[in-house]
Amino acid sequence: MSKTAKAVYRPIGLIGSLVASSIAATLFQVVWKKVTRRDDAPTAMQSEYRLREILLASAVRGAIVAVVKALVSRGGARGFTKLTGAWPGD
217 MSKTAKAVYR PIGLIGSLVA SSIAATLFQV VWKKVTRRDD APTAMQSEYR LREILLASAV
277 RGAIVAVVKA LVSRGGARGF TKLTGAWPGD
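Under this note's numbering, read the sequence shown as residues 217 to 306, first letter to last.
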């Protein structure tokens, strides 16, 4: 892919990453609330939670973020390819 196409895709990828982060955060909150029936997930600095709960929340959050980011990145790359004919990762 040309340097120009890569430069054009860079802001699209950045916006996609921000959108993915927002979607993942919302999705995690919904999943956590349904599974645990609590409004907020524990964070590392909250002493009232056991380490097991904190690690579980972190693992679930990480998995959701990774899947949503992959979906959004792949969708953005496919859309870019349809418009330009060039795959942004090549």
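Just so it is clear, CB atoms sit at the ideal spot from N, CA and C, and this is done for glycine as well.
All values derive from a computational prediction rather than experimental measurement.
When only Cα atoms are considered, Asp256 and Trp248 end up about 8 Å apart. Counting along the chain, Gln262 sits inside no alpha helix (DSSP H), nor does DSSP assign it H or E at all. Distances from the CA of Arg290 to each of Met261, Lys222, Gly229 were compared; the closest alpha carbon is that of Gly229.
Looking at the backbone, the Cα of Phe296 and that of Ser218 are separated by about 13 Å. Counting along the chain, the unbroken alpha helix (DSSP H) around Ser237 starts and ends at 219-252.
Under the three-state reduction of DSSP, Ala302 is assigned to coil, being neither helix nor strand. Of the residues Phe244, Val224, Ile231, the one whose Cα lies closest to the Cα of Val283 is Phe244.
The beta-carbon distance between Ser233 and Lys285, rounded to whole angstroms, is 7 Å. This is short enough to meet the 8 Å contact definition.
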